[in-house]
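To start, the structure itself, in structure tokens.
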Amino acid sequence: MKTLLKLSALVLLAGGSALAQDPSHATEFRKPTPGPGPDGKPQPTFLPHRLGTDHAEGISLLDMNGDGFTDILSGAYWYQNPGTNGGDWTRHQFRTVGTHEEFVSDCGEWIVDVNHDGLPDVVTTGWISNGLWWYQNPGKSADGKMWEKHLITDSYDTEGGAFGDINGDGKPDVALAHYNHSGILWADFSGPQPRVHHVGTKEHDGHGIGIADIDGDGKADLLTPYGWFKNIDADNDKWEWHQDWHLGDTGFPIVAYDVNHDGKTDIIVGQGHSYGLYWLEQGGTPAHRTWNRHTIDESFSQSHALLLADLESNGSTYLITGKRYRGHNGNDPGSYDPLVIYAYRIQPATGSKDEGNATFTRIPISLGGTAGVGTQILAADLDHDGDLDLAVAGKSGVHFIENLTINKVPKATREAQQWPLDRQWPFPGEGQEVPQENGPKP
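Just add 234 to wherever you are in the sequence shown, counting from 1, and you've got the numbering used here.
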């Protein structure tokens, strides 16, 4: 009997020891910092700030008041940057923009000094109204004055464009595509007046446009949903058509990037009015190129705007995109799915069996909130704290998406600016302030 009791005691002691070492009964602790993401690497985190509820879907960045901080422009308004310490972004009007039902006629904005007076102007176009326009910056002495509007050229049913140096003069140009297939055009702003070029025929135009060097000859080519134009001599309207693909209604712009680091330019496309985000791997020979499609993500719809950016400022390339809200008035597939914005860290595969492939590690930027991608996404260090922030606009509002990798905003300001809390609450008649009632101390 004594032997049995001793054995029982040993079993209990062993069991107690095992219990103490069992990871399922580990000591509780509070982790003050985030762990790595799905790929084992740290990932940036973001805080969206809804600045306004205007429906414009184009967006641009410009220091409007000369205070050294970049402001956000969208539609008829600009939102004044409060600076490094955070706070409210004050809305100001500087132009008028047409509206139609739930649309604002603003699907693209680009900052260009059109008249070469040293003041940056705003070039813009829209789906509802005809025309590529520029709005003349009146200068600081005319603060509060409406900017004067000038027509550059006709452009109907324009849902977006691409911004880049097409003719190699070192200055950015604007290329436009049209849903009604009216013909691709691009505008050169290097001369005293904008010079408009038309490329190809109606059959080459469609929902999507990109500017990139596809064949590695050092010249910017034009990418469309149906193929690409090789740049022979852009200034003299000499292009060579290559019908290499059929992409559907792509987002803006069609993005070019060597995804798998094999020395060839691949392309990345989102479906602007349905589900799907893909990259097309360039293969074959210069005489016969092939394009192998790889799926990145098919979980959300209306990826109508895309951007490549180094969100960590360490050489890592991220693809940034998300869901546009009500692109076709609620008639697109997935129109009422939750709004999302994602970043994808792009890494070429390292294993021999995966040669030529790549991984896109998805990182959430905004999930189920009010931020959507509209028709443009921009990245800049808006709060001057050393990391890249984002700016987006759409029918769900204008948003500054703050990168929290570096955070210099005082806690009191941070608490005061939280938009999910209604600042008019509590509502009249809801009740009176009551003291907190605590339970007995342990």
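A virtual CB, placed ideally from N, CA and C, is assigned to each residue, including glycine.
Predicted model only: the values in this text are computed from it and were never measured.
So, for Pro662: in the same chain, excluding its five sequence neighbours on each side, which residues have a beta-carbon less than 6 Å away from its beta-carbon? Residues of the same chain with a CB within less than 6 Å of the CB of Pro662, apart from the 5 flanking positions on each side, do not exist.
Is Thr279 helix, strand or coil when you go by DSSP? If DSSP states are grouped into helix, strand and coil, Thr279 belongs with coil.
Which word fits Arg329, buried or exposed, when buried means at least 16 other C-beta atoms lie within 10 angstroms of its C-beta? So Arg329 counts as buried.
Buried/exposed call for Arg264, threshold 16 Cβ in 10 Å: Burial call: exposed.
Contact check, Asn371 vs Leu353 under 8 Å by CB: the rounded distance? The beta-carbon separation of Asn371 and Leu353, rounded to 4 Å, stays under the 8 Å limit for a contact.
Could you pull the start and end residues of the beta strand (DSSP E) that Arg329 belongs to? Arg329 -> no beta strand (DSSP E), and no H or E assigned at all.
Nearest candidate by alpha-carbon position, reference Ser424, set Leu573, Asp351, Lys436: The option with the nearest alpha carbon to Ser424 is Asp351.
Find out if the Cβ-Cβ distance for the pair Ala577, Ile554 is shorter than 8 Å. Yes, the pair counts as a contact, with Cβ atoms nearer than the cut-off.
Distance CB(Leu545)-CB(Asn637) smaller than 8 Å: In contact: Leu545 and Asn637 (Cβ atoms closer than 8 Å).
Exposed or buried, Leu285, counting other C-beta atoms within 10 Å across all chains shown (16 or more means buried)? Per the 10 Å Cβ criterion, buried.
Please state if the CB of Ile306 and the CB of Ala625 are separated by a distance shorter than 8 Å. Contact: yes.
Indicate the three-state DSSP secondary structure (helix, strand or coil) for Leu469 in the structure shown. According to the sequence as given, residue 469 is Asp; it is not Leu. The answer is helix: DSSP assigns Asp469 an H, G or I state.
Beta-carbon gap between His507 and Asp566 smaller than 8 Å: Going by C-beta atoms, His507 is nearer than 8 Å to Asp566.
Inter-stretch contact (C-beta, 8 Å, three-pair minimum) for the stretch 403-417 and the stretch 489-500: Short answer: they don't touch.
Looking at the secondary structure, which residues open and close the alpha helix (DSSP H) in which Thr647 lies? Here the alpha helix (DSSP H) through Thr647 covers 645-650.
Does the distance from the CB of Asp619 to the CB of Ile640 come in under 8 Å? Yes, they are a contact pair.
Given Glu291, which residues of its chain have a CB within under 6 Å of its CB, disregarding the five upstream and five downstream residues? Residues of the same chain with a CB within less than 6 Å of the CB of Glu291, apart from the 5 flanking positions on each side, are Cys341, Gly608, Thr609, Ala627, Gly628 in chain order.
Taking just the CA atoms, how far does Tyr390 sit from Asn414? Answer to the nearest angstrom: the Cα atoms are 8 Å apart.
Neighbourhood of His432 by C-beta distance below 6 Å, restricted to the same chain and skipping five residues each side: Gly417, Leu419.
Can you check which of these residues, Gln581, Glu667, Pro674, Gln670, is closest to Asp273 by C-alpha distance? Nearest option by C-alpha distance: Gln581.
Per DSSP, Tyr512 is paired with what? Listed as beta-bridge partners of Tyr512 by DSSP are Val503, Thr529.
Taking Cβ to Cβ, would you say Leu622 is nearer than 8 Å to Ala543? The answer is yes: Cβ separation under 8 Å.
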